[in-house]
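Peer 1:
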Amino acid sequence: MKILNVLSQAFRTTVEEQDETILWLIQSMMSKARASSDNMMSLLLSGHAVYYAFQNQTQPALTLGDWQQSQPANIKRDIQQMLDTGISIYLVYEDLWDRGLDMLPVPAGIDIVNRNEIPTLYEYADHIWHW
Amino acid sequence: MSDYVFLQSQDPFTETQTLAQYQLIHNLATKDNRVTLYLIQNGVMPARRGALCKPFDLLCNQNINVVADRFSLAQRGIELDQLKSGINAEEIGVVIDAMLRGDKVIWN
Amino acid sequence: MQQRKQLTFAFMDPPFESERTVSFFRLLDAALDKNADVCVFAYEGAAALAFAKQAQHGNAVHGHDLQQEDHPLTKTWIKALQDKASFKGLRFEWVNCGLCVDERGVNESIDDCQRGGPSDFWTFAENAFNSLTIGTR
């Protein structure tokens, strides 16, 4: 299967789950996905999720009363792990532009696409999983 | 070329991401893909005659099959004769039909 | 005889918080109407949809006691779909993400709902004719 995962929201779960749960889900499926060379997993970061390409540190650790978070999410690590396992990652340029992120250096391995190029990604995929 | 069905639950009045979704749908249709826009939940809002949303109207004037979920319309008290020209109401089973044909079905 | 097709769904919303939950169940019902086998991966909040301890209540604002209110419960919806599938000789599989169940404390699911994980969703999708994911907001 050629899967295009589309993620357009961000920071919803990063505190409570100590993960972006969709990045976690995709990584969790990779052992199965890699069982066949016919499978391909890719990720399109759009909307607020473009921020995930530019995380330089772990998420801030939450403190409530005497409770202290000990394992805040590390999105940068997750993005790199995904790239290292062969997941293609794309960013939508117009969403970077809207958010003032378009001048930031894009991490190696991540590709930028214009909105009018997204159909090509959709065409190539067997399934589009919009999370 | 592929067949696409977008279940459009997000609406342009409260969720700005909807406009980017409409743009993608427009772009897919202009590349000769067969595209159905199945409006569901608050996604039916721009389908009512008089609702102001030019990006949505652009899709209706394109070669895109725009249909509205009957149940969602009934919930909101939108009668069939109150829909914009060219928009039909359908039961949700048409989405399953699309899945069973092998269309690419995507939830927005 | 036409071979049945399997459709796989992934869903993320808990009960009672989103209209998406209703749309999701309507899709499952419609899939059974169309004689499809159905496989569901319930992720995150959706792990609570099958929680066996969901309970109805009355509605004092409307003057309904518990029976009169007959409040919907998603566990009842799942049971209804299980029964429909069984009657029609169709497959209806429901897998909750186990970690999602644990953190929410909704470990007690109704019968015939399984505990699993992301690899189950991949397997469901790989074996399905088509798949649909409904994310949350």
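If you read the sequences in order, they're chains P, V and E. Residues in the first sequence are numbered from 181 upward in steps of one, following this note's numbering. Residues in the second sequence are numbered from 643 upward in steps of one, following this note's numbering. Residues in the third sequence are numbered from 3 upward in steps of one, following this note's numbering. No residue lacks a Cβ here, since even glycine has one placed at the ideal position from N, Cα and C. Small disclaimer: the values here were computed from a predicted structure and weren't measured.
#1: Between V272/P and A130/E, what straight-line distance do the alpha-carbon atoms span, to the nearest angstrom?
#2: Assuming contact is defined by CB atoms lying nearer than 8 Å, are L134/E and F11/E in contact in what I supplied?
#3: First and last residue of the alpha helix (DSSP H) that includes E200/P?
#4: Can you give the Cα-Cα distance for P2/E and Q58/E, rounded to whole angstroms?
#5: Would you call the segment 107-127 of chain E in contact with the segment 43-55 of chain E, where contact means no fewer than 3 C-beta pairs closer than 8 Å?
#6: Could you check the C-alpha separation between E303/P and N98/E for me, to the nearest Å?
#7: Which term fits D275/P, buried or exposed, when burial requires 16 or more other beta carbons within 10 angstroms of its beta carbon?
#8: Starting from T99/E and walking both ways along the beta strand (DSSP E), at which residues does that stretch end?
#9: I think S188/P touches A229/P, with their Cβ atoms under 8 Å apart; what is that distance to the nearest whole Å?
#10: To which residues of the same chain is N61/E closer than 6 Å at the C-beta, ignoring the five residues directly before and after it?
#11: So, does the CB of K212/P fall closer than 8 Å to a CB anywhere in chain E?
#12: By the criterion of Cβ-Cβ separation under 9 Å, what are the contact partners of K673/V in chain P?
#13: Counting Cβ pairs closer than 8 Å, one from the segment 735-750 of chain V and one from the segment 693-708 of chain V, do we hit at least three?
#14: List, in order along the chain, the chain E residues whose C-beta lies closer than 7 Å to that of M262/P?
#15: In this structure, how does DSSP classify N61/E when only helix, strand and coil are distinguished?
#16: So what does M221/P bridge to, in DSSP terms?
#17: Thinking M220/P and I183/P are a contact (beta carbons under 8 Å), I'd like their distance in whole angstroms, please.
#18: Please report the straight-line C-alpha distance between D67/E and T78/E, rounded to a whole angstrom.
#19: Rounded to whole angstroms, what's the CA-CA distance from D723/V to V293/P? Just pull it up for me.
Peer 2: This is what the structure holds:
#1: To locate residue 272/P, count along the first sequence from 1; it is residue 92. To locate residue 130/E, count along the third sequence from 1; it is residue 128. Here the alpha carbons of A130/E and V272/P stand approximately 30 Å from one another.
#2: For the purposes of this step, residue 134/E is identified with residue 132 of the third sequence, where counting begins at 1. For the purposes of this step, residue 11/E is identified with residue 9 of the third sequence, where counting begins at 1. Yes, they are a contact pair.
#3: Taking the first residue of the first sequence as 1, we reach residue 200/P at position 20. Unbroken run through E200/P: none, as it is neither H nor E.
#4: Lying before the first or after the last residue shown, residue 2/E is absent from chain E, which here runs from 3 to 139.
#5: With the cut-off at 8 Å, the segment 107-127 of chain E and the segment 43-55 of chain E touch.
#6: Numbered from its first residue, the first sequence carries residue 303/P at position 123. Numbered from its first residue, the third sequence carries residue 98/E at position 96. One C-alpha to the other measures close to 31 Å.
#7: Residue 275/P sits at position 95 when you count from the first residue of the first sequence. The residue in question, D275/P, is buried, as its Cβ has 16 or more Cβ neighbours within 10 Å.
#8: The residue you call residue 99/E lines up with position 97 of the third sequence. What sits at residue 99/E in the sequence shown is Cys, not Thr. Run containing C99/E: 94-99, per the beta strand (DSSP E) assignment.
#9: In the first sequence, residue 188/P corresponds to position 8, counting from 1. In the first sequence, residue 229/P corresponds to position 49, counting from 1. Indeed, because the Cβ distance is near 6 Å, the residues count as touching under 8 Å.
#10: Position 59 of the third sequence, counted from the first residue, corresponds to residue 61/E. Closer than 6 Å at Cβ, skipping near neighbours: E71.
#11: For the purposes of this step, residue 212/P is taken as residue 32 along the first sequence, with counting starting at 1. For K212/P, the nearest beta carbon of chain E is closer than 8 Å to its own beta carbon.
#12: Numbered from its first residue, the second sequence carries residue 673/V at position 31. Near K673/V (Cβ distances below 9 Å), the residues of chain P are P299, T300, E303.
#13: Between the segment 735-750 of chain V and the segment 693-708 of chain V, the count of C-beta pairs closer than 8 Å stays below three; the two stretches do not touch.
#14: Counted from its first residue, the first sequence places residue 262/P at position 82. Chain E residues near M262/P: none, gap ~14 Å exceeds 7 Å.
#15: Walking along the third sequence from the start, residue 61/E turns up at place 59. The three-state reading of DSSP puts N61/E in strand, counting E and B together.
#16: Counting from 1 along the first sequence, the entry for residue 221/P is found at position 41. Paired residue(s): I183/P.
#17: As a working note, residue 220/P is residue 40 in the first sequence. As a working note, residue 183/P is residue 3 in the first sequence. The pair is a contact, with the Cβ atoms about 7 Å apart (cut-off 8 Å).
#18: By one-based count along the third sequence, residue 67/E stands at place 65. By one-based count along the third sequence, residue 78/E stands at place 76. Note on geometry: alpha-carbon atoms of D67/E and T78/E lie some 19 Å from one another.
#19: Mapped onto the second sequence, residue 723/V falls at position 81. Mapped onto the first sequence, residue 293/P falls at position 113. Taken atom to atom, the span from the alpha-carbon of D723/V to that of V293/P is near 41 Å.
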